[in-house]
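For the sequence shown, this note's numbering gives the first residue as 142, with consecutive numbering after it. Each residue gets a CB set at the ideal place from its N, CA and C atoms; glycine is no exception. Keep in mind it's a predicted model, so treat the numbers as computed, not measured.
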Amino acid sequence: MATQEKKTQVENKSKDKVTYPLTKMNFILMGICLLLIVIGFWMMTGSANVGETFNKDIFESSRISTGPVIAFLGFVLMAFAIIYRKKDNNTVNNPDEDNKE
Numbered sequence: 142m143a144t145q146e147k148k149t150q151v152e153n154k155s156k157d158k159v160t161y162p163l164t165k166m167n168f169i170l171m172g173i174c175l176l177l178i179v180i181g182f183w184m185m186t187g188s189a190n191v192g193e194t195f196n197k198d199i200f201e202s203s204r205i206s207t208g209p210v211i212a213f214l215g216f217v218l219m220a221f222a223i224i225y226r227k228k229d230n231n232t233v234n235n236p237d238e239d240n241k242e
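Here is the structure:
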């Protein structure tokens, strides 16, 4: 009798679906965020002052404000992309079941 119970337990374990903490959507969102970070840093690049000549390009709005904001949004959204989980309609609690107590 005990061996029969063990067999059913082993069979049930093999049928269970393996779930991973991160899904395909998480990786897609993380890729988009990484792209935002790279774009933000790319916008901040440029030539510096060389010698005695003054380069006005170092004070462009894309280098001072737009690039850092885009990179910062990429970092913040990366946290959201990691913790994002799609809502599962199968686990919604039925209000009638809660009141049966």
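Worksheet entry | Close Cβ partners of TYR225 (< 8 Å) along its chain, the five nearest in sequence each way excluded | MET166, ASN167, LEU170
Practice prompt. Using the Cα positions of SER203 and PHE213, report the straight-line distance between them to the nearest angstrom.
Written response: 14 Å
Worksheet item: Where DSSP assigns a beta bridge to THR194, which residues make up the other side?
Response: VAL191
Worksheet entry | ILE199 classed as buried or exposed, judged by whether at least 16 other C-beta atoms fall within 10 angstroms | exposed
Discussion item. Please list the terminal residues of the continuous alpha helix (DSSP H) segment that includes LEU214.
Written reply: 208-224
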